[in-house]
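A.B. asks:
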Amino acid sequence: MMLRLFLIAAGATVLAGCASVPADPIARAAYEEANDPLEPLNRAIFAFNMEVDRAVLEPVARGYRRVTTPGIREGVHNFLRNLRAPVTFANDLLQGEIQRAAQTSWDFVMNSTVGILGFFDVTDDADWEPHEEDLGQTLAVWGVKEGPYLVLPFHGPANVRDAAGLFGDRYFDPFVYRLQPPDDARFFSGRTVAGAVDARERTLEEFNELRRTSLDFYVTARSLYQQSRNNQIRNGAPAPLGDFNLE
Numbered sequence: 013m014m015l016r017l018f019l020i021a022a023g024a025t026v027l028a029g030c031a032s033v034p035a036d037p038i039a040r041a042a043y044e045e046a047n048d049p050l051e052p053l054n055r056a057i058f059a060f061n062m063e064v065d066r067a068v069l070e071p072v073a074r075g076y077r078r079v080t081t082p083g084i085r086e087g088v089h090n091f092l093r094n095l096r097a098p099v100t101f102a103n104d105l106l107q108g109e110i111q112r113a114a115q116t117s118w119d120f121v122m123n124s125t126v127g128i129l130g131f132f133d134v135t136d137d138a139d140w141e142p143h144e145e146d147l148g149q150t151l152a153v154w155g156v157k158e159g160p161y162l163v164l165p166f167h168g169p170a171n172v173r174d175a176a177g178l179f180g181d182r183y184f185d186p187f188v189y190r191l192q193p194p195d196d197a198r199f200f201s202g203r204t205v206a207g208a209v210d211a212r213e214r215t216l217e218e219f220n221e222l223r224r225t226s227l228d229f230y231v232t233a234r235s236l237y238q239q240s241r242n243n244q245i246r247n248g249a250p251a252p253l254g255d256f257n258l259e
């Protein structure tokens with residue numbers, strides 16, 4: 013699956029280079045701000061993903077909510093987040109964030125032991141906020157350009173840099189080296205599905221309200237993704253002055 017995403021990103025980069033740029037200055041500025049030269053293709057994939065959500069993911073998420081308690085769902089969410097801690101730790105180190113790496117390591121050890129494999133967040137009262145890092149963010153810190161905006165099948169918004177990061181993060185995951193085929197494929201597929209259901213259940217009302225009230229949900233989703241990723245890359249710090257249009 014990760015290899016397919018990587019190949020899609022590589023192919024998208026080639027196609028984006030062939031896209032025509034508007035000649036009108038105003039249209040060109042809007043085109044460059046959106047960073048979406050593959051918009052027709054992305055819209056088609058976005059529509060497909062929305063159909064998958066309508067037919068499968070949302071009903072499963074609602075069913076999951078009906079048959080579980082808030083406490084159980086919070087435990088599952090904590091467990092899934094704890095599984096990603098080694099990936100976050102590796103990217104903390106690659107970004108030179110030694111203090112954040114130490115915090116991630118402490119959270120992982122305590123939650124995996126005292127917190128019973130991460131189902132209980134026993135470090136919730138610590139002086140730092142839990143965070144997640146990935147290779148896409150690391151590449152951004154290193155100065156790698158984001159590349160064109162993409163919508164990936166069964167995944168959602170991304171860009172070329174983040175798609176490459178999805179592929180690379182797999183090799184920071186210790187389960188890659190602990191599990192053998194076909195157990196590794198079952199584990200990663202199961203974790204991906206569980207993560208998708210968990211995320212959808214936690215945003216049922218917000219997601220559906222946003223979809224209902226948006227004039228163009230595709231544009232809204234694209235804008236929110238780009239803003240969210242930029243905020244994650246800066247670790248929540250304010251954007252540099254040069255990032256704002258002051259005109």
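Reminder that position 221 of the sequence shown reads as 233 in the numbering used here, one-by-one numbering, no gaps. Every residue gets a Cβ at the ideal spot worked out from N, C-alpha and C, and that includes glycine.
If you follow the beta strand (DSSP E) that Asn9 is part of, which residue opens it and which one closes it?
C.D. replies: The requested residue 9 does not occur in the structure, where the chain is confined to residues 13 to 259.
A.B. asks: Count Cβ pairs between the stretch 168 to 187 and the stretch 94 to 102 that sit closer than 8 Å; are there 3 or more?
C.D. replies: yes
A.B. asks: Would you kindly work out how many angstroms separate the C-alpha atoms of Thr215 and Leu222, rounded to a whole number?
C.D. replies: Translated into the one-based positions of the sequence shown, residue 215 becomes position 203. Translated into the one-based positions of the sequence shown, residue 222 becomes position 210. C-alpha separation (whole angstroms): 10 Å.
A.B. asks: Among the residues of its own chain, which have a CB less than 7 Å from the CB of Glu217, if the five just before and after it don't count?
C.D. replies: Position 205 of the sequence shown holds residue 217. Excluding sequence neighbours, Glu217 sits near nothing in its chain.
A.B. asks: Just to check my reading of the structure: Arg66 and Tyr230 have Cβ atoms closer than 8 Å, yes? What is that Cβ distance to the nearest angstrom?
C.D. replies: Working through the sequence shown from its first residue, we reach residue 66 at position 54. Working through the sequence shown from its first residue, we reach residue 230 at position 218. The pair is not a contact, with the Cβ atoms about 15 Å apart (cut-off 8 Å).
A.B. asks: Taking the C-alpha atoms as reference points, what is the distance between Arg190 and Asn94?
C.D. replies: The sequence position of residue 190 within the sequence shown is 178, counting from 1. The sequence position of residue 94 within the sequence shown is 82, counting from 1. Near 17 Å, if we compare the C-alpha coordinates of Asn94 and Arg190.
A.B. asks: To the nearest angstrom, how far is it from the Cα of Arg241 to the Cα of Glu158?
C.D. replies: Residue numbering aside, residue 241 sits at position 229 when the sequence shown is read from its first letter. Residue numbering aside, residue 158 sits at position 146 when the sequence shown is read from its first letter. Each residue's alpha carbon lies about 10 Å from the other.
A.B. asks: Going by DSSP, name the residue or residues bridged to Tyr161.
C.D. replies: Here residue 161 corresponds to residue number 149 of the sequence shown, with the count starting at 1. Answer is Asn171, bridged to Tyr161.
A.B. asks: Between the C-alpha atoms of Ala138 and Glu86, what's the straight-line distance to the nearest angstrom?
C.D. replies: Locating residue 138 in the sequence shown gives position 126, counting from the first residue. Locating residue 86 in the sequence shown gives position 74, counting from the first residue. Distance between the alpha carbons of Ala138 and Glu86: 18 Å.
A.B. asks: Does the Cβ of Gln244 lie closer than 8 Å to at least one heavy atom of the ligand NAD?
C.D. replies: The ligand NAD is not part of this structure, which contains no ligands at all.
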